Amino acid sequence: AVSPGNEVHLHAFATDAIGNDGSARRMYLHTSPEFAMKKLLAAGETRIAAFAHVWRNRERGVLHSPEFTMLEWYRAGEDYTVLVEDCEAILALAAQGAGAEVLRFRDRTCDPFAPPERLSVAEAFARHARIDLMATIGPRGETDAAALGAALDAEGIRRAADDTWSDMLARVLVERVEPRLGLGRPTVLDRYPAAEAALARPAADDPRVAERFELYACGVELANGFGELTDPAEQRRRFALEMEEKARRYGERYPLDEGFLDALALVPPAAGIALGFDRLVMLATGAPRLDEVLWTPVP
Numbered sequence: 141a142v143s144p145g146n147e148v149h150l151h152a153f154a155t156d157a158i159g160n161d162g163s164a165r166r167m168y169l170h171t172s173p174e175f176a177m178k179k180l181l182a183a184g185e186t187r188i189a190a191f192a193h194v195w196r197n198r199e200r201g202v203l204h205s206p207e208f209t210m211l212e213w214y215r216a217g218e219d220y221t222v223l224v225e226d227c228e229a230i231l232a233l234a235a236q237g238a239g240a241e242v243l244r245f246r247d248r249t250c251d252p253f254a255p256p257e258r259l260s261v262a263e264a265f266a267r268h269a270r271i272d273l274m275a276t277i278g279p280r281g282e283t284d285a286a287a288l289g290a291a292l293d294a295e296g297i298r299r300a301a302d303d304t305w306s307d308m309l310a311r312v313l314v315e316r317v318e319p320r321l322g323l324g325r326p327t328v329l330d331r332y333p334a335a336e337a338a339l340a341r342p343a344a345d346d347p348r349v350a351e352r353f354e355l356y357a358c359g360v361e362l363a364n365g366f367g368e369l370t371d372p373a374e375q376r377r378r379f380a381l382e383m384e385e386k387a388r389r390y391g392e393r394y395p396l397d398e399g400f401l402d403a404l405a406l407v408p409p410a411a412g413i414a415l416g417f418d419r420l421v422m423l424a425t426g427a428p429r430l431d432e433v434l435w436t437p438v439p
């Protein structure tokens, strides 16, 4: 790929493509087929899916592998909430295929046949962390790190002195919210703050939040879905901010895929989602870690 993606904490495997004349061009193993698939939407495709390996550097652990399988699909002309119905069907199919009555991770279980719980991020913060998240977000989506920091302090949630608003949001999600999602039944965590929109469009009824959701089962994130942003100027602005932050934190930045940004103006209203297939298999089989369901784990 020309660009592996432009999110702050997304790290790619890089290589040099050598031409016949010996010239070198920096390329990357893709972290997602997203850019390529949206170019297909721009060319007129309406329902597309990819089932393929992707690669992400700096990712290794119980729930992470540098190489894994992603199921990603897009629906042109449809609302992003339709993707939730797709996810419900896929969870049930995975359980049936594995002969499982429940999804399982450690001591947590989830009924894959049950209708999902639906929570906004703000509702989840209020319920599981006693934090009023929207009080730290301005009318246009601007964020107030001092206000969120004070809320974390009041609840005894640790933070670093130089944490950004996004850093603190992630801390609360990981420590207080995610472990309580998808217990008993799946959870759809919806309406992410606009500052965390990534490639999702703003919600029509509230510019402070975005048409973005994540699917959880047994406290494990399985999928990330968007109502797709199709404004190339806004996407370029977001990418620029992300790369500035990446350079500050990690001393590197990735190039923009100009072909993707050009194509974005031609993408119709669409919904898209990426699902971690190996994680789903892990839950359906009750495996204790991701490596146990990978045919050839990265050593």
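Mind the numbering: the sequence shown is residues 141 to 439 in our numbering, read in order. Using N, Cα and C, we set each Cβ at its ideal position, and we do this for glycine too. The structure displayed is predicted, hence computed values, not measured ones.
Problem set entry | Local conformation of residue 378 per DSSP, three classes | Assigned with DSSP and collapsed to three states, residue 378 falls in helix.
Problem set entry | Ranges of the beta strand (DSSP E) found wholly within the region 233-277, counting only runs of at least 3 | Fully enclosed beta strand (DSSP E) runs of 3 or longer: 243-245, 248-250, 257-260.
For this session: With DSSP collapsed to three states, give me the class of residue 413.
Result: If DSSP states are grouped into helix, strand and coil, residue 413 belongs with the strands.
Exercise. Under 8 Å between the Cβ atoms of residue 292 and residue 308?
Worked result: Going by beta carbons, residue 292 and residue 308 fall inside the 8 Å limit.
For this session: Just grab the DSSP bridge partners of residue 168 for me.
Result: In the DSSP secondary-structure assignment, residue 168 is bridged to 154.
Exercise. Would you call the region 171-188 and the region 205-220 in contact, with 3 or more CB pairs under 8 Å?
Worked result: The count of Cβ pairs closer than 8 Å, one atom from the region 171-188 and one from the region 205-220, reaches three, so the stretches are in contact.
Problem set entry | At least 3 beta-carbon pairs within less than 8 Å: the region 352-370 vs the region 387-402 | Contact between the region 352-370 and the region 387-402 is not established, with fewer than three Cβ pairs separated by less than 8 Å.
Problem set entry | Distance between beta carbons of residue 170 and residue 194, contact taken as under 8 Å | About 6 Å separates the beta carbons of residue 194 and residue 170, which is inside the 8 Å limit, making them a contact pair.
For this session: Report the partner residues of residue 342 according to the DSSP bridge assignment.
Result: Note: residue 342 sits in a beta bridge opposite 350.
Exercise. Can you name the start and end residues of the beta strand (DSSP E) that residue 174 belongs to?
Worked result: Element bounds for residue 174: not the beta strand (DSSP E) but the alpha helix (DSSP H), 174-182.
Exercise. Which value, in whole angstroms, describes the spacing of the CA atoms of residue 414 and residue 383?
Worked result: Rounded to the nearest angstrom, the two C-alpha atoms are 22 Å apart.
For this session: Check whether the Cβ atoms of residue 266 and residue 272 lie closer than 8 Å to each other.
Result: With contacts defined as CB atoms closer than 8 Å, residue 266 and residue 272 qualify as a contacting pair.
Exercise. Taking the DSSP output, what are the residues bridged to residue 214?
Worked result: Its beta-bridge partners are 188, 412.
Problem set entry | Three-state class that DSSP yields for residue 425 in the structure shown | In this structure, DSSP gives residue 425 a helical state, which the three-state scheme calls helix.
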